[in-house]
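One structure is given here, and the rest of the page talks about it.
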Amino acid sequence: MFNSPDIEKFVEAWGSGQICLHLSDTLPGLSFNPWRPQAALSLAQLKGRPESKTPLALISNWKLALRLWKPLPEPWPRLLPELWPGPLTVIWEASPICPPGILAEDETVGLRCPLFLPELEWMKQILELVDEPFPSTSVNDSGTPPLREWREAVAWASQKNARGSVYVPELSEIPSSQSSAMPSTLIKINQNGGFALLRQGAMDSNYIMSRLRGVVHARNF
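Next up, the structure:
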């Protein structure tokens, strides 16, 4: 579906500062190199949204999250490896090495480790090759619903693609419909170890709460 030379082209385009259209285990997204300020500005202009609104980021593994965040409160160092990979985005305080392109005004950063099906193994490879936080924001104009279908996302990117500003990977096969896909669930960890639900998505917040209680209960015995 997506061969090695194309993966190399994607990583090269991403590293050079181009906006890149990509698939995920939830909805299609747009990404950029978070170390390049001009790339973040280009994305804001492309979507017509404030520059101050920073995107969440995909990561390839749990260890990268530990580098990008300050130490997590208990019991999250034990709980998150049980919830990831999966459709859960977590916001916590950023460490000093966090790229500015994903750093929110309150010095936090939202991260997610996705769970890719075999047909999207190429996306997993891209995250591993990049070995940096991979910003990901919905494909849409600011204030409009996110696009769910890959064909719609490609059409949107093509319409916006002035002077080749958006890199669109060429797929030899069109991925299966994502019309029923949901965005990730979004939570923010509290200092006391609890969490605030900011967006209900593909992972049930009741499941997260049950796992949180289970880990806390196990710790007390």
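Residue 481 in our numbering is what sits at position 19 of the sequence shown, and the numbering runs on without skipping anything.
Backbone N, C-alpha and C fix where the C-beta goes; we use that ideal spot for every residue, glycine too.
Reference residue i; option with closest CA among the options
i      : options                        : result
Ser600 : Pro576, Val616, Leu489, Leu591 : Leu489
Gly676 : Leu565, Ala664, Trp538         : Trp538
Leu582 : Pro595, Leu633, Cys482         : Leu633
Leu483 : Thr516, Gly548, Asn602         : Asn602
Met665 : Ser627, Pro576, Cys560, Trp618 : Pro576
Thr551 : Gly572, Glu536, Leu609, Val592 : Gly572
Ala566 : Lys525, Pro535, Pro517         : Pro517
Glu474 : Trp524, Pro631, Gly563, Val678 : Pro631
Glu594 : Pro535, Tyr669, Leu526         : Leu526
Pro561 : Glu635, Trp497, Ile651, Pro645 : Trp497
Phe578 : Lys622, Trp476, Glu590, Asn654 : Glu590
Asp568 : Glu635, Ser620, Lys515         : Lys515
Extent of the continuous alpha helix (DSSP H) to which residue i belongs
i      : result
Leu503 : 499–509
Integer-rounded CB distance, given that residue j should sit under 8 Å from residue i
i      : j      : result
Phe596 : Leu520 : 4 Å
Ser672 : Thr647 : So it is not a contact: roughly 14 Å between Cβ atoms.
Pro481 : Tyr629 : It is Ile, not Pro, that sits at residue 481 in the sequence shown. 7 Å between Cβ atoms; contact.
Leu541 : Leu674 : 6 Å
Boundaries (first-last residue) of the beta strand (DSSP E) holding residue i
i      : result
Lys650 : 647–651
Arg661 : 657–661
Ser620 : Note, Ser620: premise wrong, no beta strand (DSSP E); alpha helix (DSSP H) at 612–622.
Ser493 : 491–493
Leu483 : 481–484
Exercise. What alpha helix (DSSP H) runs, 4 residues minimum, are completely inside the segment 520–599?
Worked result: List check, alpha helix (DSSP H) in window: 524–530, 538–545, 583–592.
Exercise. Does the segment 653–668 touch the segment 508–516, meaning 3 or more C-beta pairs lie closer than 8 Å?
Worked result: Contact check between the segment 508–516 and the segment 653–668: fewer than three CB pairs, one atom from each, fall below 8 Å, which does not count as touching.
Exercise. For the segment 524–533 against the segment 498–508, are there 3 or more C-beta pairs whose distance is under 8 Å?
Worked result: Flag = no, the segment 524–533 and the segment 498–508 do not touch.
Exercise. So, do the segment 550–560 and the segment 576–594 have three or more beta carbon pairs nearer to each other than 8 Å?
Worked result: No: fewer than three Cβ pairs fall under 8 Å.
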